[in-house]
Amino acid sequence: QPPRSVPAMLSLDFLDDVRRMNKRQLYYQVLNFGMIVSSALMIWKGLMVVTGSESPIVVVLSGSMEPAFHRGDLLFLTNRIEDPIRVGEIVVFRIEGREIPIVHRVLKIHEKQNGDIKFLTKGDNNAVDDRGLYKRGQHWLEKKDVVGRARGFVPYIGIVTILMNDYPKFKYAVLFLLGLFVLVHRE
Amino acid sequence: LRKNVEDFTGPRERSDLGFVTFDITADILNGRNGLRTSIFDWNVKQLFLYLSAEYSTKNNALNQVVLWDKIMLRGDNPRLFLKDMKSKYFFFDDGNGLKGNRNVTLTLSWNVVPNAGILPLVTGSGHVSVPFPDTYETTKSY
Numbered sequence: 007q008p009p010r011s012v013p014a015m016l017s018l019d020f021l022d023d024v025r026r027m028n029k030r031q032l033y034y035q036v037l038n039f040g041m042i043v044s045s046a047l048m049i050w051k052g053l054m055v056v057t058g059s060e061s062p063i064v065v066v067l068s069g070s071m072e073p074a075f076h077r078g079d080l081l082f083l084t085n086r087i088e089d090p091i092r093v094g095e096i097v098v099f100r101i102e103g104r105e106i107p108i109v110h111r112v113l114k115i116h117e118k119q120n121g122d123i124k125f126l127t128k129g130d131n132n133a134v135d136d137r138g139l140y141k142r143g144q145h146w147l148e149k150k151d152v153v154g155r156a157r158g159f160v161p162y163i164g165i166v167t168i169l170m171n172d173y174p175k176f177k178y179a180v181l182f183l184l185g186l187f188v189l190v191h192r193e
Numbered sequence: 037l038r039k040n041v042e043d044f045t046g047p048r049e050r051s052d053l054g055f056v057t058f059d060i061t062a063d064i065l066n067g068r069n070g071l072r073t074s075i076f077d078w079n080v081k082q083l084f085l086y087l088s089a090e091y092s093t094k095n096n097a098l099n100q101v102v103l104w105d106k107i108m109l110r111g112d113n114p115r116l117f118l119k120d121m122k123s124k125y126f127f128f129d130d131g132n133g134l135k136g137n138r139n140v141t142l143t144l145s146w147n148v149v150p151n152a153g154i155l156p157l158v159t160g161s162g163h164v165s166v167p168f169p170d171t172y173e174t175t176k177s178y
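Protein chains in written order, with the working numbering: chain Z, 7 to 193; chain V, 37 to 178.
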């Protein structure tokens, strides 16, 4: 039989390690794991506060903003009330009743004296504006539909999220390996 | 950066529709630190240029409409020399605020798209005021 190339942690040594760990050490490792998860969540919540956006980092899902952004690019958003919405800005918005956020550019704005604003968007790579995408009877977007404005971006990195979405087995494998690594890793 | 325009307006049901033709002569430069260097440095992937009209009306304190846009890729000539351009998008007002409006300002701006990093919006220096006439055009040969 040809020898299988197996990662070190899945070899028999790993099983010995687990047997050697007594209950206390296991609880300790679980707590460690819990701390890492909590810290990550706190950082995410902190980002939400600082940027004013409920989703400070988003992944581009479609090609409607090419050649600027491609599927898998990561966008960093802010949604501060002090920053008014102006044409040319790249906004991430949600259409009422739909879950998926859309990343397009502001084409037209009409703002009243009291700050109420209605605006129209269009994807750079689309021939027409987004009116066809909005809800039936809806002609404009409003502040409440905005998740954030794109202030910075990093290419490619979001592909991992798209892969995890499209291939659930991949997601479970990644989570399983991560969990395993943290539990077994000796500090 | 200079623009010249002529204009007509046409009534459309309830909202004013403006027609603008324009010339654009521009040289896009990076004005940082007082130096005038090429805008396409190592981290600039493309520029998204847009010509927008800004004005006030009775209905709305601020209106901004993009009339024309263009994507300029790294390697393209940063000098623009366009004549007799028609607006790419319909210049509809939200109401009838274009008729007789003397204070419609056209500005050229651009969004710098880096290879990675911040996405700034820059407004070009130089803008043009377009006064709209008090009457509508009844016939249009477009």
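For every residue, glycine included, the Cβ atom is placed at its ideal position computed from N, Cα and C.
Under the three-state reduction of DSSP, which class applies to V/A152: helix, strand or coil?
-> In the structure shown, V/A152 falls within a coil segment according to DSSP collapsed to helix, strand and coil.
Would V/I64 pass as a contact of V/L98 if the rule is Cβ separation under 9 Å?
-> No; because the gap between Cβ atoms is not below 9 Å, this pair is not in contact.
Z/K124 - partner residues in DSSP beta bridges | Z/H116 and Z/E148
Chain Z residues whose Cβ lies nearer than 8 Å to that of V/F84 = Under the 8 Å cutoff, chain Z gives A74, G94, R111 and D130.
Alpha carbon to alpha carbon, how far is V/R38 from V/A89?
-> No answer about V/R38 holds up, because its pLDDT of 47 lies below 50 and its placement is not dependable.
Neighbour list for Z/K149 in chain V, Cβ cutoff strictly below 9 Å = Chain V residues near Z/K149: none, gap ~14 Å exceeds 9 Å.
Using the rule of at least 16 other Cβ atoms within 10 Å of the residue's Cβ for burial, across every protein chain shown, is Z/Y140 buried or exposed?
-> Answer is buried; the Cβ neighbour count reaches 16.
Please name the residue in V/S51, V/T61 and V/D52 whose C-alpha comes closest to that of V/F117.
-> V/T61
Contact set between V/V149 and chain Z, taken where Cβ atoms lie within less than 7 Å | A74
With a cut-off of 9 Å, does the C-beta of V/K81 fall near any C-beta of chain Z?
-> yes
Distance between Z/V109 and Z/I101 (C-alpha atoms, nearest Å) | 11 Å
Would you list, in sequence order, the uninterrupted beta strand (DSSP E) runs of no fewer than 3 residues that lie entirely inside the stretch 122-170 of chain V?
-> 140-150 and 157-166
Are the beta-carbon atoms belonging to Z/L65 and Z/G154 less than 9 Å from one another?
-> One detail in the question is off: residue 65 of chain Z reads as Val in this sequence, not Leu. No, the pair does not count as a contact, with Cβ atoms beyond the cut-off.
Proximal residues to Z/L81 (C-beta, below 6 Å), its chain only, five neighbours per side dropped = V64, A156 and F159
Give the single residue among Z/T57, Z/R86, Z/E60 and Z/V93 whose Cα lies nearest to the Cα of V/W104.
-> Z/V93
Looking at the structure shown, is V/K94 part of a helix, part of a strand, or coil, going by DSSP?
-> coil
Any Cβ of chain Z within less than 9 Å of the Cβ of V/V164?
-> no
Flag this pair as touching only if the stretch 174-183 of chain Z and the stretch 105-114 of chain V have three or more C-beta atom pairs under 8 Å; answer yes or no.
-> no
Min CB distance Z/A209 to chain V below 9 Å = Missing from the structure shown is residue 209 of chain Z; chain Z here goes from 7 to 193 and no further.
Report back the beta-carbon spacing between Z/K128 and Z/R111 to the nearest angstrom; my notes put them in contact at under 8 Å.
-> 6 Å
Going by other Cβ atoms of all chains shown within 10 Å of its Cβ, with 16 needed for buried, is Z/P90 buried or exposed?
-> exposed
Quick one: is Z/Q144 buried, meaning 16 or more other Cβ sit within 10 Å of its Cβ, or exposed?
-> exposed
Nearest CA to the CA of V/F55: which residue from V/L157, V/W146, V/G133 and V/S123?
-> V/S123
Would a check of beta-carbon distances place V/I154 closer than 9 Å to chain Z?
-> Put simply, the CB of V/I154 is near chain Z, with a gap under 9 Å to one of its CB atoms.
Can you give the beta carbon distance from Z/I194 to Z/K149, rounded, assuming they're within the 8 Å contact cut?
-> Past the boundaries of the shown model lies residue 194 of chain Z; chain Z is included only from 7 to 193, so the question cannot be answered.
Anything in the stretch 48-62 of chain V with a Cβ closer than 8 Å to a Cβ of chain Z? List those residues in chain order, please.
-> none
Do you know whose CA, among V/N137, V/S145, V/N151 and V/F58, lies nearest V/F76's CA?
-> For the residues V/N137, V/S145, V/N151 and V/F58, the minimum Cα distance to V/F76 belongs to V/N151.
Within 10 angstroms of the Cβ of V/Y91, are there 16 or more other Cβ atoms? Answer buried if so, exposed if not.
-> Buried: at least 16 other Cβ atoms inside 10 Å.
On the premise that V/L157 lies in contact with Z/E95, defined as a C-beta separation below 8 Å, what is that separation, rounded to the nearest angstrom?
-> The pair is a contact, with the Cβ atoms about 7 Å apart (cut-off 8 Å).
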